[in-house]
Each structure stands twice: as structure tokens, then as C-alpha cells.
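Only one structure is covered here, and it is reproduced in the block below.
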Amino acid sequence: MAPSSRSAGSERAGARREVVYLDNAATSWPKPPGVVAAMVHYLEAVGANPGRSGHHRSAEAGRIVLAARRAVAALCGVQSPMRVLLGPNATWALNQAIAGLLQDGDHVVTTSFEHNSVLRPLTALAGAGTITLTVVPGSADGRVDPDAVAAAITARTALVVVNHASNVCGAVQPVAEIGHRCRERAVPLLVDAAQSAGAVPLDLTRQGIALCAVAGHKGLLGPTGTGALVLADDFEPDRLRPLLLGGTGSRSDSLEQPAVLPDRFESGTLNVAGLAGLAASVEWLLGEGGGPEAIGRREAGLRAEFVALAEATVPGFQLVGPRGGDLTGVVSFRVAGQSVSDLAQRLDDEHGVLGRSGLHCAPAAHRALGTFPAGTLRFAFGAFNTGEQVEAAVAALAAIGERRPSP
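Our numbering puts the first residue of the sequence shown at 291, with every later residue one more than the last.
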């Protein structure tokens, strides 16, 4: 049974109200049953620091962290949970991979559909003269050609970075085709799975992915402040330099960072409360939730229902990006004659429909889609959205259009 759809409500009104939450690409809500209970259990009954002490509560905290590692490893098709490097978010994971792998003179290939969490660190390195960068353009329907990515690889290419699923238009890229081309050239592929993990099946070995960044709070349905960089079983971790150095709870006699996984990349205390919730959310996802394929199929189905109904009933509705093919539950659109920011605000204020307007931290993707600089209004359907909520969102759009003053 899905959690309640009641929200904390509007602070301005000082009361609770029903909402239609369609901002799951920013963070998923509500969370599966058991997530809050797992976090409360850690905070109330465990509370200790994993790996820093020898008492039984520290050991229990370590078991909670290990459960989260095992859950993410299972989701990504990785045999060893020690190859799941835990951190605060997918942005950390992407920066750890990029800054940890690249060296002076390296060449990197990426695409125009990347999030700023990829393009900003790469642009900074290119601007400093550390690397050279090739950005492969995507099409107006949100797709990237694997042959174009392969053609951009040179003898100096040290990394290819690809967004698995667009946070702007929902297009799912053919990462397996890209991954196999990268392996043929012995170039590691880093996949940004912030939007795909939990809704699109992942198998790093089968798909030719060397490194994969995941966000715990989006498709994995866990708390904010959780994420991971997952290393494929055949990726050599010695190729990576850690971003942070410090206490790990191991090899305290040495002033050098431990070489063992995952300690080498996890200095400082982890977000154990968040990881307790993440372990519970992924357990639900892989069990009662039916797994990524089932959840993703349902979310994409809600997206298709929304587009069909909106095009039939909302005057001026304009879909942005792909209509078919491999898609997540993310959809971007505009309504002719209306500001996307004003429309988003009215949907919230007048109808309790929550989406996101603007550039979604992916300006290059909007340039490729032809929606820069105004951006779009984005709905992102999640694991607990319903067909009734699709109808409510479309009805709200139609009602706003009917009340729009004539020019």
C-alpha cells in the first residue's frame, strides 16, 4: 500500500492540503514503507559510529552500512558490495570519478545532455588546461548516437561520460551500445545514473560501464544526503585518486590513506541514518515494488497518459523532447503564451500540483532541445503516482488556460 499523499502543506495557509507531487526527478516523495522506521531505529536504538569503536552498537551501525552497500550492489549487478563507494549524493560520485581519474593531457568525451554535475567539473578542468573536452551533440528528440560518441574517441581519450536518462526530457540513452564501443577502445565509461537507477535496469558488466554514479534520494526512493559511486567488478580501483583524505576507522597507525576498498574513498563519518533508510527503500524497490523494470514501465506509462490527455484537452500544450522510444517518467512541456515559471507557481498555489520550471541544472540539454533560456515545465512521475493524479494535473492545466486573460 502506498504511503499517504498528504503533505505538510502551505506555511502561508498554516494548514495541511492535498498535493499532487510530480517533482520526483528532483527528489522522490513519498518514500516506501519502512524507510522512516529504519532511520528512526538507527537514531533511537543504535546511534553509534560504524567502524570507529569495538562495542556492539558500532558493530550494528556497520551492519546497517553494509546492508545499504549490498542493496546498491544488487541493483547495479556488482558482485562485491565493497565496490559501492558511499557518499552524500550523485554529484559527489561524479566529481570523485572525474577528478579522481583524469590527469594532465587527458581527453574526455561527453554529450550535450549532461547535467551540470558533469559539465561544470569537466568545463573547469578544460578551462584550466588540464584536459581537452569533446561534447557530442544530441538530437532534438533527446537522443545521443553511439556511433558519434565512438567517433569522438581519440588515442588520448581517458574517459567517456554519458547521462543514462535525461532529467529534462526523460530520454534513455543506449549506454550498453556506448559501453561496448568504449571497451573495444579500452576507455572507461562513467554513467550518470542519477535519473535512471531504480527505474531502468542496470548491470555494469553487461552494459560495459566502468563507473556508475547513483543518487539515493531519487529513483532509489531513499533519503536525501545519500548516493554512491559504483565500480564495476573489473575496474581497477587503483586508477582512482580519492577526493578526500582523513579518518576511516582503519589503519589508524598509518599517516597514509588506506588502500583497501571502500575505506580509501570514504574519509569521515557516513550518513548512517540516511543509509539505513536507503537500505530499506532499495529492499522495498527490489521486492514489493517489483524491481526497476516494473517501476520504470509504470512511470513511463503515466508519462504517456499525461501527454495524450494534455494534448487532447489543454490548449497550446507543447511537448518537448521524445514522444516514444525508451523513456523514464520525466516529461517537459510548455503551454503557448504562458511563462513556465508563472504556470508552475499557479499550479502550486491554486491546485496543489507540484512540478519544476526552468533549466533543471542542464542548460546544454535545453540548448539541444531548443528551449534555452526560458526552459520548460517538468513533471516527473514516480513510483507512487496514480492515473487519478495524472487526470488532476491535466485538469489543473486546462483550468488555468481557461482563466488566462485575453491579450
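We treat Cβ as the ideally placed atom computed from N, Cα and C, and that holds for glycine.
Everything numeric in this text was worked out from a predicted model, so none of it was measured.
Judging by CA-CA distance, which residue of the options is the nearest neighbour of residue i?
{"i": "D435", "options": "T400, L376, A418", "result": "T400"}
{"i": "A689", "options": "H656, A455, P605", "result": "P605"}
{"i": "L545", "options": "G536, V425, V477, D553", "result": "G536"}
{"i": "R646", "options": "A315, A389, R307", "result": "A315"}
{"i": "N339", "options": "S348, E308, A658", "result": "S348"}
{"i": "Y332", "options": "D523, A569, L575", "result": "A569"}
{"i": "G660", "options": "A380, L644, G611, D639", "result": "G611"}
{"i": "D437", "options": "V426, A445, T447, R446", "result": "V426"}
{"i": "G672", "options": "G352, I585, E556, L356", "result": "I585"}
{"i": "T317", "options": "T514, M329, A658", "result": "T514"}
{"i": "G506", "options": "R359, S429, Q393, P464", "result": "R359"}
{"i": "T582", "options": "T559, T413, K508", "result": "Looking at the sequence shown, residue 582 is not Thr but Pro. Answer by Cα proximity: K508."}
{"i": "D431", "options": "R613, D638, C651, F674", "result": "R613"}
{"i": "Q702", "options": "D524, A654, N675", "result": "Outside the displayed range of the chain (291 to 697) lies residue 702, so it cannot be described from this structure."}
{"i": "S542", "options": "D639, D528, S557, L530", "result": "S557"}
With C-beta atoms as the reference, is residue i less than 8 Å away from residue j?
{"i": "A670", "j": "L312", "result": "yes"}
{"i": "A483", "j": "A503", "result": "yes"}
{"i": "G488", "j": "L521", "result": "no"}
{"i": "T618", "j": "G564", "result": "no"}
{"i": "A387", "j": "L480", "result": "yes"}
{"i": "V621", "j": "R593", "result": "yes"}
{"i": "R624", "j": "Q635", "result": "no"}
{"i": "L389", "j": "V374", "result": "Looking at the sequence shown, residue 389 is not Leu but Ala. No, Cβ-Cβ distance for A389 and V374 is not below 8 Å."}
{"i": "L494", "j": "C366", "result": "yes"}
{"i": "V439", "j": "R475", "result": "no"}
{"i": "V643", "j": "A686", "result": "yes"}
{"i": "A682", "j": "V326", "result": "no"}
{"i": "A361", "j": "V572", "result": "yes"}
{"i": "G428", "j": "A658", "result": "yes"}
{"i": "G341", "j": "L519", "result": "no"}
{"i": "A328", "j": "A549", "result": "no"}
{"i": "A600", "j": "H405", "result": "no"}
{"i": "M372", "j": "P491", "result": "no"}
{"i": "L449", "j": "T420", "result": "no"}
{"i": "G579", "j": "P322", "result": "yes"}
Is there a C-beta anywhere in chain C that falls below 8 Å from the one on residue i?
{"i": "L637", "result": "Going by chain labels, chain C is absent from the structure shown, which holds only one protein chain."}
Could you please give the first and the last residue of the uninterrupted beta strand (DSSP E) stretch that includes residue i?
{"i": "T401", "result": "396-401"}
{"i": "S542", "result": "Run containing S542: none; DSSP gives neither H nor E here."}
{"i": "N453", "result": "447-453"}
{"i": "L375", "result": "374-377"}
{"i": "Q608", "result": "607-610"}
{"i": "G648", "result": "646-648"}
{"i": "I499", "result": "From DSSP, I499 is part of no beta strand (DSSP E); its letter is neither H nor E."}
{"i": "G627", "result": "G627 -> no beta strand (DSSP E), and no H or E assigned at all."}
{"i": "F669", "result": "666-670"}
{"i": "G586", "result": "Unbroken run through G586 is the alpha helix (DSSP H), 582-603; no beta strand (DSSP E)."}
Where do the N-terminal and C-terminal ends of the alpha helix (DSSP H) with residue i fall, by residue?
{"i": "V472", "result": "It should be pointed out that residue 472 corresponds to Cys in this sequence rather than to Val. Counting along the chain, the alpha helix (DSSP H) containing C472 begins and ends at 465-474."}
{"i": "D638", "result": "630-641"}
{"i": "V562", "result": "562-576"}
{"i": "S407", "result": "406-417"}
{"i": "I286", "result": "Nothing can be reported for residue 286, as the shown portion of the chain is limited to 291 through 697."}
{"i": "L551", "result": "Segment: none, L551 is in no alpha helix (DSSP H) and carries neither H nor E."}
Can you name, in chain order, every residue of its own chain whose Cβ lies under 7 Å from the Cβ of residue i, other than the five neighbours on each side?
{"i": "H656", "result": "V458, L649, F662, G665"}
{"i": "T422", "result": "H397, A416"}
{"i": "G324", "result": "A570, W574"}
{"i": "P464", "result": "P436"}
{"i": "T559", "result": "N339"}
{"i": "N561", "result": "P378, G515, T516"}
{"i": "D394", "result": "T420"}
{"i": "R529", "result": "L391"}
What does a CB cutoff of less than 6 Å around residue i pick up in its chain, not counting 5 residues either side in sequence?
{"i": "E678", "result": "none"}
{"i": "D616", "result": "V462"}
{"i": "E301", "result": "Its pLDDT being 43, under 50, E301 is placed unreliably in this model, and the coordinates cannot settle the point."}
{"i": "I468", "result": "P436, V439, V452"}
{"i": "A303", "result": "Note that A303 scores 42 on pLDDT, short of 50, meaning its location in the model is unreliable; the coordinates nonetheless yield the value given after this. Excluding positions up to five away in sequence, the list is empty."}
{"i": "A466", "result": "Q497"}
{"i": "V336", "result": "R347, E350, A351"}
{"i": "H641", "result": "A686"}
{"i": "R473", "result": "G498"}
{"i": "S486", "result": "H454, A455"}
{"i": "S402", "result": "V425, P427, G428, A654, A658"}
Flag residue i as yes when its Cβ comes closer than 7 Å to any non-hydrogen atom of the ligand FAD, and as no otherwise.
{"i": "A416", "result": "Ligands are entirely absent from the displayed structure, and the ligand FAD is therefore not among its contents."}
Just to confirm my understanding: we take residue i, look at its own chain, exclude 5 residues before and 5 after, and list those with CB closer than 8 Å. What are they?
{"i": "S294", "result": "Below a pLDDT of 50, predicted positions are generally treated as unreliable, and S294, at 43, falls in that range; no measurement from the model is reported."}
{"i": "T447", "result": "D396, H397, V398, V399, R475, V477"}
{"i": "L533", "result": "W382, N385, Q386, A389, G390, F555"}
{"i": "E595", "result": "G677, V680"}
{"i": "V408", "result": "L384, I388, T400, V451, N453, D482"}
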